[in-house]
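Before any comments, here is the structure.
Dropping the structure here:
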């Protein structure tokens, strides 16, 4: 018998059905059983009232990616003696797993990540809300003015759902941004103007333009030397 | 009449006895007493002009018509790059260093033909001032244990017969005909070999897990995407002894049941790419690779994939993404790559050095191998010893050697008689270890305890003139550029860390900055997606731990104790000591120094760019740096 939580307050006792693969785990001290083959985030998202896992780069329609790290939770595979941070959106459920979604360590880590995101995108409403929830007042860094958090949802939606790959993440590290092939900000014929990228964008960084095509966010990096480099690259590729 | 070796090679080598016959006939053709001029043509020596030396030897031997009696061998890296180009004359192993093309006629006429030693080309031990004639007596080599690297000086990497002559591919024939796959894995497990790429995961366990993984198609991958600043041991191994790596891969493939392998090597290593390619072609020709290897019925092929030079592609999941043609970004490894790796198939990835250890373990046995090293780390490790040491180069030592022996006995101590300050191990994500830990044994676990790591074997030595804040900034900037940018902690965290460190080195640091750096370090360690990110804060956290006073000097005192951070230092001329020699005046690129001969000079602060040229040229210590 296992306790199946219907929501944060009530549960029912259920017997494991034969022939169905289930895993038993504990989430924030509540024992639950769910069908195997899911990630922590998928399982918890279906159980209202259990766990508190924020996520920015996750969307059920595309494959999990693990970029924003906000869904970080603490898990223990050995009954609680050792625990570690994992990304809930990617971690596959295992029998006997103990998950803690909102410990002090987890909250501290998320708070730090939100501070970094807020410093990059101080004007994005979704991030301002998260900052308020996690008690981030004012970032301790020089503020940027970007809208794009580089979660890659637009790129994944365009590739996985639409099958077009009209946009991609280009470059690496601090130079990373969303761009069309050959580093163009103007979209090519590959873009069918479906608006999927704009719809899925968690920060509103992608908007639909008057010509029916998406307008990509221009990443504005607050470093003069990088801007100089970007300028050179644009010249070289145009 | 056909030579016996060619006779044997009309068909591929198809059995153990044919391989042994081939080896014997190669050895019969070779006269061990014949003079062999072995010129190091590794990348280090090439940079110091080894190719011209090789050409000069070719011309000179042809001119004197002795090319048949004297063998000229272009080998891989000998390790002592500081003294290149290196020439060793066998069989006596006379060791000449910093050889120039103009020295070649004399080497031929004196040493090769008459057996005389040319004094001026000998290596002088800086400690005893003694001239050393023979290679094994050079302290740099004498104190090493060169089990993996040793053959580099003896073989031409482009000639498979050289490798076979020194016992090459005998481990493969032993593995294929005398051992079952399980027995091989058992042997690797018992040897205690741990991955040489950085994390130090037990190699045998990795192999077991890949063997046990379900799937018909499995891959074997050699990670040659070495990208640490100052590290080149994987490069030198692939350049100097590619067959040892290949042999290890074939044994690994047989053990886990794989038929396709990849060598991922960066395109910036053209010689490594070329030599690996030649090695694969020759091994195919000889029947040691391809279909029905040595007549055993086992098939295995290897392809080379040239990496574009992203540091992050050395991370196994990013490397596999790159092999698949995707962006080189790491993925979460909650399911091991041994179960779901390249194209979601079970994949066995090991570092170049790990693969090169395998033939040795199979040939000599796990009992022999596990005698070398410490309880938790077996075998030898190749370090690239660079920075402010006298003898920079590649050194191979048993695990457990102390840092002091490495830096002082093999490295010859600190350059210019300066004082040791710290050593950074494990590449850009390693930590800086201060003087009080010089006597710890170097192995995976001890380095981790000190907040550093083994990494791929980088070892950068720093002297008293190094500013630890500046060093931390350097590594953070490197990683900031090399981070793939996928996850927020790494991309944003490193950018901000670099911002804070820049402020500190420019005298704009605030008291709260230290706590901020520690917070950022915690976010990276706990939150980043891959090992690049989780270890990226090591240089900052370790210097904060061991050299905190240097940070506070920058922040509170607005000064850089090592005199490195330009914004925080000032040069001036001590009028008492200045002899008026005009040296600094001539060296100054901005004309900030004025004065007449034999009269004390003056320095105009407004025009000074703090380059330190005056400080470096002054013979009277009259330039003061504060």
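Protein chains in written order, with our numbering: chain A, 1 to 238; chain V, 1001 to 1626. We put the CB at the ideal spot given by N, CA and C, even for glycine.
- Put simply, of V:1420, V:1444 and V:1427 the residue whose alpha carbon is nearest the alpha carbon of residue 1463 (chain V) is V:1420.
- In the DSSP assignment, residue 1524 (chain V) falls within the alpha helix (DSSP H) that extends over 1513-1527.
- With at least 16 other beta carbons inside 10 angstroms of its own, residue 120 (chain A) counts as buried.
- When DSSP assignments are scanned along the segment 138-214 of chain A, the uninterrupted stretches of beta strand (DSSP E) that are 3 or more residues long and fall wholly within it turn out to be 168-170 and 177-179.
- With contacts defined by Cβ atoms closer than 8 Å, residue 1442 (chain V) and residue 1400 (chain V) form a contacting pair.
- Inclusion of residue 1388 (chain V) and residue 1410 (chain V) in the CB contact set at 8 Å is not warranted, their separation being larger than that value.
- The continuous alpha helix (DSSP H) containing residue 1177 (chain V) extends over residues 1170-1178.
- About 7 Å separates the beta carbons of residue 1532 (chain V) and residue 1483 (chain V), which is inside the 8 Å limit, making them a contact pair.
- Interface residue (Cβ-Cβ distance to chain V less than 8 Å): residue 87 (chain A) is classified as such.
- In the three-state reduction of the DSSP assignment, residue 1162 (chain V) falls in the helix class, which pools H, G and I.
- When 8 Å is used as the limit between beta carbons, residue 1340 (chain V) is near no residue of chain A, the shortest such separation being about 11 Å.
- Taking the beta carbon of residue 1146 (chain V) as reference, no residue of chain A falls within 8 Å; the closest one sits roughly 37 Å away.
- Across the segment 1490-1517 of chain V, CB contacts with chain A closer than 7 Å involve 1491, 1492, 1493, 1495, 1496, 1499 and 1516, in sequence order along the chain.
- Every beta strand (DSSP E) of 3 residues or more that sits fully in the segment 1258-1341 of chain V is shown, in chain order, as 1260-1266 and 1301-1307.
- Taking all protein chains shown into account, residue 150 (chain A) has 16 or more neighbouring C-beta atoms within 10 Å of its C-beta and is therefore buried.
- Around the Cβ of residue 1247 (chain V), a 10 Å sphere holds 16 or more other Cβ atoms; the residue is buried.
- At a Cβ-Cβ threshold of 8 Å, residue 1053 (chain V) and residue 1099 (chain V) count as neighbours.
- The residues 1428, 1494 and 1536, in chain order, have a CB closer than 6 Å to that of residue 1479 (chain V) in the same chain once the five nearest residues on each side in sequence are set aside.
- Listed by position along chain A, the residues whose Cβ is nearer than 9 Å to that of residue 1323 (chain V) form an empty set, because the closest Cβ is around 17 Å away.
- Residue 1118 (chain V): not part of any alpha helix (DSSP H); DSSP gives it neither H nor E.
- Here residue 1226 (chain V) is not near residue 173 (chain A), since their CB atoms are 8 Å or more apart.
- DSSP assignment within the segment 1019-1097 of chain V yields the following whole beta strand (DSSP E) runs of 3 residues or more, N-terminal first: 1036-1040, 1071-1075, 1087-1090 and 1094-1096.
- Three or more beta-carbon pairs drawn from the segment 39-48 of chain A and the segment 82-101 of chain A are found closer than 8 Å, and the two stretches are therefore classed as touching.
- Straight-line measurement puts the Cα of residue 1177 (chain V) at about 51 Å from the Cα of residue 1523 (chain V).
- Nearest to residue 1255 (chain V) by alpha-carbon distance, out of V:1195, V:1175 and V:1216, is V:1175.
- Following the DSSP letters along the chain, one finds residue 1546 (chain V) inside the alpha helix (DSSP H) bounded by residues 1538-1546.
- The continuous stretches of beta strand (DSSP E) do not include residue 1607 (chain V), and DSSP gives it neither H nor E.
- Looking at A:53, A:77 and A:165, the one whose alpha-carbon comes closest to that of residue 182 (chain A) is A:165.
- Residue 107 (chain A) is outside the set of residues whose beta carbon lies under 8 Å from a beta carbon in chain V.
- For residue 69 (chain A), the chain V residues whose Cβ falls inside 8 Å of its Cβ are 1487, 1488, 1489, 1527, 1528 and 1529, in order along the chain.
- In the DSSP assignment, residue 1448 (chain V) falls within the alpha helix (DSSP H) that extends over 1444-1449.
- In terms of CA proximity to residue 1571 (chain V), V:1593 leads the group V:1557, V:1593 and V:1551.
- At a cut-off of 8 Å between C-beta atoms, residue 116 (chain A) counts as an interface residue with respect to chain V.
- A check of alpha carbon separations from residue 187 (chain A) across A:171, A:207, A:202 and A:50 identifies A:207 as the nearest.
- At the C-beta level, residue 73 (chain A) and residue 98 (chain A) stay beyond 8 Å of one another.
- For residue 112 (chain A), the uninterrupted alpha helix (DSSP H) run begins and ends at 104-120, by DSSP.
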